[in-house]
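In what follows, a single structure is set out as structure tokens and then discussed.
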Amino acid sequence: MDSNSSTLQSAKYRLLHFETSHKDLRVIIPLRRDETNMNIYNPFTINEMGRISTNSSYKHPTIMKIKINFILSAKAKRKEIMKLESSKTSTKLDFAEEDQTPASSFWQSHLASPSTSAPFDAPFFSATHGIVQTHPSLSGSIPRPVPLTSNSLGSGSSSPNKAALTAGSGYLNSRGSLPSSARYPSLAASNTVVSPNPRSPFRHLDFSTSATAELRRNPALSAPDECARACREGEPPRICYYHFTLEYYTVLGAACQVCTPNATNTVWSHCQCVLADGVERGILTANRMIPGPSIQVCENDKVVIDVENHMEGMEVTIHWHGIWQRGSQYYDGVPFVTQCPIQQGNTFRYQWTGNAGTHFWHAHTGLQKLDGLYGSIVVRQPPSRDPNSHLYDFDLTTHIMLISDWLHEDAAERYPGRLAVNTGQDPESLLINGKGQFRDPNTGFMTNTPLEIFTITPGRRYRFRMINAFASVCPAQVTIEGHNLMVIATDGEPVHPVEVNTIISFSGLGECGIRRAQQLGVLRYARGPYQPASQPPTYDVGLPQGVVMNPLDAQCNRQRNDAICVSQLKSAQEIDRGILSEKPDVKIFLPFRFYVYRPEELFQPNTYNRFLVAPTGDHVISLIDEISYLSAPAPLTSQYNEINPEQFCNGDNRPADCGPNCMCTHKIDIPLNAVVEVVLVDEVQQPNLSHPFHLHGYGFSVVGIGRSPDMTVKKINLKHALDLDRRGLLNRQYNLPPTKDTIAVPNNGYVVLRFRADNPGFWLFHCHFLFHIVIGMNLILQVGTNADLPPVPPGFPTCGDHTPPIPIN
């Protein structure tokens, strides 16, 4: 028995639980001890349920949030640290578990030295984890990999344990050794771009592909594995190149006959078999992977992604969620706002430099994201720039949890929706990093597909980055049995640590029906058994909450012992003082709701209004300030002068003939450098339905969130919100408000956010529930004028209407 495993004897049974329901999402991870091998494993579970039930056998589940960064510390005794980052709804949170031992934990004492409770076996650790970032004071070092003899293709000959990467994909092998920063020569000039190491053992093997061909032609480019590295102060930036090939594909297609994956046989990284939850269906993929390629770079790296569209008869754009696109406004990836959609057979080159944090990319056209077009983005920074870096020892490429909802049919089958069979937009299943298992609720049959495995070593503290890519599910709750959680960041922005037991997050849909799906993954200790020795657990557990982060009741205007609202978090970074001034330069109230069509109104001859069939059977469209967004015929950033001005409107400039379902390109003009306050008001007022709003191009400060303090106001609307604001009753706090790019508006409540409009451009602001986007819950904030934008890139694609005069002979 080694020293690492011997320290686990006092470990207790732990439970981490995710589950979705009409009120929450829980993920269950029981941490169970193997008495024979003295190792610990965690089956990681995501459940979707229609209602909450209890089971007394599990007494202390803890609760998490959607799009999350968390730190997991595999301590020798009872101590674990978790850092959770939530996306998805695009919400990202970092938190750390409370130490259960008498000794001071590192996050409590703010020590700059990592744990020394177990010796650090660097070669073994790298081989099992895929190391990227370590604490600068970590005892021991990661040695420079032994140079390998390169063959004619530029790939090194090595042992079979090295990471094999899909060409141009950036896909990272959870058991492969990743290059450390030591193998890259340091350059004196900080503005010099580092050239890739031509003898890298991780060079792609097939130079016939578009990705490797581009890397071969341009030696200044760095491959994905070279960019997924430890970030050091003063290191010159790289140009990181990726190539996404988008195509129709199939779950459990013929490629799976080559790789033969199953629950005990993991898939090697070159395998083009997409497993999902083991139910065959048609999908959309980038590089024949779900999730798609992971982009992992350092702050100030330039990222170049060629997106090649091979999807027959389908157009696409890719949005880089959370990337602010300063100086690269043309590459935000919004159709008919920043670019024309990429047509079948075409390739579009995105180029940007990312702001630090955990983000993700996804298709921003139609419902393609729900069919598989999404992936992770991590922009790391040197530990010296992260005020919470002392809380973890390792930030690994393999410790990304991308959680997504999953249908067993094309998403288009749910839009506009059905009235009899498979009504609504609820998913059948959930995936963790594209993996999972599905139990048929009618027959009890369960698929035999592999689960996702995360590897850790006892005695070390790990940063996990969890991203929520949900498109159609409920709020999420996360708990860890017997542990407190320390929230240390939100949406990639650090905050002062806050201890909670439960974190709740929202992704948009409130009514999830009665379906139930359970999903597992495995948290594996290095040198432990590869598969859990016992049978996978089943769960029917209640949800004890304790101290709740982001409570559902949204009572955020007072200090509470049982809850902490997002608006009560304190930013760990300096805030623009102008944002904290009493009066902003611009104040915008944005009420939003649904408009319900009468059938005789909707289905009139020669009228073709879009609609969504809600689970209730109502036919609805979305409205913001009484306007349903309609796309322009051409991108505003590059072809603004070609668009008819009558295409645009807003709440102060609605067309005279606009009815209750007013449709136009909703655009609000904002002066450059103005301090802007936006008040979102939920007039939908549907129980358990909280809309997550995402702003492109910015992070914003959350200065207020809540419901009406006037008990006589049962349902808030714009009139009530204006009156509350006039009376000073809209809750605001200016003491270091947290920065986010997505915020959930509580049902029958409001959110107050502020930002300085210093990034010129046309920025989409929208609900992040996919089916609400396609029926108009969007608008555009135009910051500055076209003269404030960088020049249109040479050869930038154009599009628009083609209605020439009809010749009459």
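Take the sequence shown: its position 17, counting from 1, is numbered 17 in UniProt numbering, and each next residue is one higher. We put the beta carbon where it would ideally sit given N, CA and C, even for glycine.
So, is residue i buried or exposed, given that buried needs 16 or more other C-beta atoms within 10 angstroms?
i: residue 788; result: exposed
i: residue 287; result: buried
i: residue 443; result: exposed
i: residue 294; result: buried
i: residue 445; result: exposed
i: residue 386; result: buried
i: residue 656; result: exposed
i: residue 826; result: The chain is shown from 1 up to 809; residue 826 falls before or after that span and cannot be answered.
i: residue 258; result: exposed
i: residue 413; result: exposed
i: residue 280; result: exposed
i: residue 549; result: buried
i: residue 710; result: exposed
i: residue 145; result: Residue placement at residue 145 is flagged as unreliable, the pLDDT there being 34, under the threshold of 50; the coordinate-derived value follows with that caveat. Buried: at least 16 other Cβ atoms inside 10 Å.
i: residue 719; result: exposed
i: residue 627; result: buried
Quick check on residue i - is its C-beta less than 8 Å from some C-beta in chain C?
i: residue 809; result: No chain C is part of this structure, which consists of one protein chain only.
Could you tell me whether the Cβ atoms of residue i and residue j are closer together than 8 Å?
i: residue 670; j: residue 580; result: no
i: residue 469; j: residue 350; result: no
i: residue 225; j: residue 436; result: no
i: residue 567; j: residue 716; result: no
i: residue 410; j: residue 282; result: yes
i: residue 239; j: residue 255; result: no
i: residue 355; j: residue 324; result: yes
i: residue 337; j: residue 764; result: yes
i: residue 812; j: residue 747; result: In the structure displayed, the chain extends from 1 to 809; residue 812 sits before or after that span and is not available.
i: residue 429; j: residue 291; result: no
i: residue 246; j: residue 310; result: yes
i: residue 358; j: residue 467; result: yes
i: residue 810; j: residue 736; result: No statement about residue 810 is possible, as the shown extent of the chain runs from 1 to 809 and does not include it.
i: residue 650; j: residue 666; result: yes
i: residue 491; j: residue 714; result: no
i: residue 692; j: residue 744; result: yes
i: residue 433; j: residue 407; result: no
i: residue 700; j: residue 755; result: yes
i: residue 498; j: residue 489; result: no
i: residue 380; j: residue 271; result: no
i: residue 370; j: residue 770; result: yes
i: residue 675; j: residue 800; result: no
DSSP state of residue i, grouped into three classes?
i: residue 298; result: strand
i: residue 224; result: helix
i: residue 722; result: helix
i: residue 816; result: Since the first residue shown for the chain is 1 and the last is 809, residue 816 is missing from the structure and cannot be characterised.
i: residue 335; result: strand
i: residue 213; result: helix
i: residue 330; result: helix
i: residue 611; result: coil
i: residue 313; result: coil
i: residue 236; result: coil
i: residue 389; result: helix
i: residue 258; result: helix
i: residue 489; result: strand
i: residue 108; result: The predicted model places residue 108 with a pLDDT of 25, which falls under 50 and marks its position as unreliable; any figure quoted below should be read in that light. Correct three-state label for residue 108: helix.
i: residue 369; result: helix
i: residue 606; result: coil
i: residue 354; result: coil
i: residue 578; result: helix
i: residue 598; result: coil
i: residue 78; result: With a pLDDT of 30 at residue 78, under the threshold of 50, the modelled position of this residue cannot be trusted, and the question is left open.
i: residue 593; result: strand
i: residue 414; result: helix
i: residue 376; result: strand
i: residue 437; result: coil
Could you check whether the Cβ of residue i sits closer than 7 Å to any heavy atom belonging to the ligand SAM?
i: residue 652; result: Questions concerning the ligand SAM fall outside what the structure shown contains, since it holds no ligand whatsoever.
Inter-stretch contact at 8 Å, needing at least 3 Cβ pairs: the segment 344 to 361 / the segment 314 to 323: Result yes; three or more Cβ-Cβ pairs closer than 8 Å.
Cβ contact (3+ pairs, closer than 8 Å) linking the segment 693 to 707 and the segment 322 to 338: Segments in contact, yes.
Minimum length 4: unbroken alpha helix (DSSP H) runs contained in the segment 619 to 687: Listed in chain order, the complete alpha helix (DSSP H) runs (minimum 4 residues) inside the segment 619 to 687 are 636 to 639.
contact_flag[the segment 608 to 627, the segment 416 to 429] where n(CB pairs < 8 Å) is 3 or more: The segment 608 to 627 makes contact with the segment 416 to 429, as at least three CB pairs between them are under 8 Å.
Meets three-Cβ-pair contact criterion under 8 Å: the segment 789 to 805 and the segment 722 to 733: In this structure the segment 789 to 805 does not touch the segment 722 to 733; the number of beta carbon pairs closer than 8 Å is below three.
Inter-stretch contact (C-beta, 8 Å, three-pair minimum) for the segment 589 to 604 and the segment 567 to 578: With the cut-off at 8 Å, the segment 589 to 604 and the segment 567 to 578 do not touch.
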